[in-house]
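A.B. asks:
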Ligand SMILES: Cc1cc2nc3c(=O)[nH]c(=O)nc-3n(C[C@H](O)[C@H](O)[C@H](O)COP(=O)(O)O)c2cc1C
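In our numbering, the protein residues as written are -7 to 252.
1) From the DSSP output, in three-state form, read off residue 137 for me.
2) To the nearest angstrom, report how far apart residue 235 and residue 42 are at their CA atoms.
3) Count the other C-beta atoms from every protein chain shown that fall within 10 angstroms of the C-beta of residue 39, then say buried if there are 16 or more, exposed otherwise.
4) Given residue 250, which residues of its chain have a CB within under 6 Å of its CB, disregarding the five upstream and five downstream residues?
5) DSSP state of residue 235, grouped into three classes?
6) Can you tell me the Cβ-Cβ gap for residue 48 and residue 78, rounded? I've got them flagged as a contact below 8 Å.
7) Take the Cβ of residue 179 as the centre, count every other Cβ of all protein chains shown within 10 Å, and call the residue buried at 16 or more, exposed below.
8) With a threshold of 7 Å on Cβ separation, who are the neighbours of residue 192 within its own chain once the five nearest residues in sequence on each side are excluded?
9) Let me check one thing: in DSSP terms, what residues is residue 47 bridge-paired to?
10) With C-beta atoms as the reference, is residue 12 less than 8 Å away from residue 21?
11) Using C-beta distances below 7 Å, list every residue in its chain close to residue 93, excluding the 5 sequence neighbours before and after it, in chain order.
12) Tell me whether the beta-carbon of residue -2 lies closer than 8 Å to the beta-carbon of residue 31.
13) For residue 195, report the span of its alpha helix (DSSP H) as first-last.
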């Protein structure tokens, strides 16, 4: 089916997914397809326009993706053949997304036309040096361009998968569920250092799930999903990340992309 217009819903914690989305938009527009970009965290899934092709983009987290992204995907309305494609970005391995999402969308009446997973720099645990990151980004963006081009040519696919992805999907949900436990939030949750924080409020403004309140200093509520945005974009580097090697952080774009 020919793609005419696209509503492209995306979430990006630290910018990798946004780079991929921007490259795909550039490719679509070169081919005369108009694209509306929509921030997933600011969109109501029930309001999507089923007469357009729908694009979905998000990062991998815990072999799957963030619970609030699944919530969005699970809340998409029933459709009657609306074409949909997905792209995720990852550090190395996901496993629990492409197959399960294919089935969910198919069951709702969508037409899944293409899925692609794109390796980009890690934004957690081990943050690579600039050169290694650049190499991954360049390769990732080439893959994004090729995928977008394939979609416009009707040459992409979103295959069906055997049982393993569904097991990994369940493991992913379990892992993400653990992170939401109060004890995890307490031990791994973020906290701004008052000695460094200049009370600018950027962390609260860019948190996709409004988990941060400013009460003189940032106060984290108990539902952090560890997308790394506040940590990575704090202009004062005042939010330490215990789980990253040497506390390093990664960001692929400028913070203005996420200011509401
Ligand atoms: C909490 C968390 C969990 C992650 N889990 C995985 C994972 O299971 N597999 C993987 O390959 N990458 C994983 N990553 C790496 C990200 O998927 C990858 O760096 C992605 O490109 C980040 O995209 P973004 O900058 O758009 O947020 C994880 C990152 C975070 C923050």
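Glycine residues also receive a C-beta, built at the ideal position from the N, C-alpha and C atoms.
C.D. replies: With the given structure in hand:
1) helix
2) 41 Å
3) exposed
4) Within the same chain, Cβ atoms closer than 6 Å to the Cβ of residue 250 are found at 198, the five residues on either side in sequence being excluded.
5) coil
6) Correct: roughly 4 Å between the Cβ atoms.
7) exposed
8) 227, listed in sequence order.
9) 0 and 77
10) no
11) Once the five neighbours on either side are set aside, the close Cβ partners of residue 93 are 65 and 78.
12) no
13) Its alpha helix (DSSP H) spans residues 194 to 198.
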